[in-house]
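Below you'll find the structure, written out as structure tokens, and then a few comments.
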Amino acid sequence: MQRTGIANLPLHGGKAPRWLFDRMVKLAGGILVFMVEELGPADTLARFSDPFWFQSFGCVLGFDWHSSGVTTTTCGAVKEALRGRPDIGLFAAGGKGAASRRTPAEIESQAERIGLGEAPRLVQASRMSAKVDNNAVQDGYQIYHHFFMFTSTGDWIVVQQGMNDSTGYARRYHWLSKDLRTFIEEPHAAICSDQRGITMDLVAAKSLETREVLGQLSAEKPEIITGELKRLKTLRLPPRHELFIRDLHPASISKVLLKTYERQPEDFEVLLGMPGVGGKTLRALALIAELVHGTSVSWEDPARYSFAHGGKDGHPYPVDRENYDLSIEYLEKAVRATPTSRGEKTEALRRLAKYHAS
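Quick note, the sequence shown lines up with residues 5 to 362 if you use this note's numbering.
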């Protein structure tokens with residue numbers, strides 16, 4: 005498994021007009037059919053794990069490329085285009101808000117329909133990707149959109165988006181099942197973000213020792229952990245620790261700690277996957293691990309590339325020009341091959357050219 009990218013976007017509360025969404029669905033379906041015929045389902049699926057390709061695709065479909073709405077609307081159009089089309093070989097589940105909570109049931113029903121016996125594994129992948137980005141990477145964004153797509157052979161991607169009300173930005177996370185290794189260490193291949201900040205990244209390689217200690221700490225009696233947390237809150241701590249400990253209250257996490265004590269999770273991955281274990285519990289345990297036991301925690305935002313183009317002037321990130329040009333070129337080819345009208349093709353290509361020049 006790879007988490008292949010993150011992109012930050014200004015929050016956008018609007019909704020695509022019905023006429024635009026219907027056109028997006030039609031164009032998305034045409035492009036997907038062309039791609040599957042040329043690349044096959046697995047390689048087509050993999051394109052959705054590339055934040056830049058995804059953004060370009062959303063632009064082609066017709067949504068405002070620099071707002072967070074491109075994520076929810078593009079995923080919605082793709083899901084609608086795939087509905088009732090098992091011949092394409094791609095299957096979609098989830099969405100925004102309440103739709104995201106229906107992801108497991110939608111995965112199970114579609115997997116059963118096509119005779120794929122891997123529904124439990126796919127549901128677990130959906131659940132763990134959300135747990136990692138909501139709780140293990142504490143960057144200030146809460147997931148509100150979760151989109152899961154898979155093939156008849158069990159390959160999958162996740163495109164999910166989190167919201168940060170205080171900054172006015174959304175952050176998009178991309179996951180890819182190819183080369184599945186682990187959910188809990190460096191799962192990403194590329195992360196794109198214009199907004200960076202202090203992040204407690206528990207899936208960074210630097211946090212390995214802390215992850216190992218977290219499993220042990222979670223198996224301790226709750227009063228031992230809450231006692232340590234109370235003591236830490238009385239100390240003068242470095243600014244970043246003060247920021248992350250401020251909203252932690254021992255009494256509020258003691259019930260969760262009782263569950264982990266009873267369960268005795270053998271490692272961090274089991275702990276992370278436990279129902280009820282959220283960001284605050286993990287943060288409390290990680291702060292105790294670092295400040296009391298001396299383990300290392302990564303405080304670096306895992307973003308490595310700027311949103312969309314990769315940063316035209318090379319600051320703070322270099323442009324991935326080859327990937328950029330190939331994505332544009334391929335989408336131009338796909339649009340020309342779709343069975344839509346000449347006018348719609350011209351408009352789609354114009355939007356792509358405008359995005360390319362932005």
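A virtual CB, placed ideally from N, CA and C, is assigned to each residue, including glycine. No experiment lies behind these values; they were computed from the predicted model shown.
Terminal residues of the alpha helix (DSSP H) in which residue i lies
i	result
L262	254 to 267
F38	22 to 43
F52	Careful: F52 lies outside any alpha helix (DSSP H) and carries neither H nor E.
V274	272 to 277
T76	73 to 86
S133	123 to 135
I292	283 to 295
R117	107 to 117
First through last residue of the beta strand (DSSP E) which encompasses residue i
i	result
Q146	146 to 155
V162	160 to 168
L94	94 to 100
Within 7 Å, strictly: CB atoms of residue i and residue j
i	j	result
A290	T214	yes
L229	L261	Note that residue 229 corresponds to Ile in the displayed sequence, not to Leu. Contact flag set, yes.
E110	V29	no
G283	N139	yes
G158	E116	no
P306	Y265	no
D293	I257	Sequence check: residue 293 is Ala here, not Asp. No.
L180	S331	no
S302	K210	yes
Whole-Å CB distance - residue i paired with residue j, under 8 Å assumed
i	j	result
V207	V141	6 Å
G66	L24	6 Å
A174	Q164	The Cβ separation is near 10 Å, so there is no contact.
L252	L233	6 Å
V40	G93	6 Å
L295	L236	6 Å
V64	R355	6 Å
L126	S156	No, L126 and S156 are not in contact; Cβ-Cβ is about 12 Å, not under 8 Å.
T75	R176	5 Å
(message) Quick check: the region 49 to 60 against the region 165 to 175, are at least 3 beta-carbon pairs closer than 8 Å?
(response) In short, these stretches do not touch, since the Cβ pair count stays below three.
(request) Indicate whether the contact test is met: 3 or more Cβ pairs, each with one atom in the region 106 to 113 and one in the region 242 to 262, closer than 8 Å. (result) Counting Cβ pairs under 8 Å, fewer than three are found: no touch.
(request) Scan the region 174 to 249 and note each continuous alpha helix (DSSP H) run of 4 residues or more that stays entirely inside, going in chain order. (result) Taking 4 residues as the minimum length, the alpha helix (DSSP H) runs contained wholly in the region 174 to 249 are 212 to 221, 226 to 237, 243 to 249, in order along the chain.
(message) If contact is defined by three or more beta carbon pairs under 8 Å, each pair taking one atom from either stretch, is the region 142 to 160 in contact with the region 88 to 102?
(response) Yes, the region 88 to 102 touches the region 142 to 160.
(message) When you compare the region 177 to 185 with the region 217 to 227, are there three or more beta-carbon pairs, one atom per stretch, that lie closer than 8 Å?
(response) As far as the Cβ criterion goes, the region 177 to 185 does not touch the region 217 to 227, which means the pair count is below three.
(message) Contact between the region 330 to 342 and the region 29 to 43 is defined here as three or more beta-carbon pairs at a separation below 8 Å; is this criterion met?
(response) Enough Cβ pairs lie closer than 8 Å, so yes.
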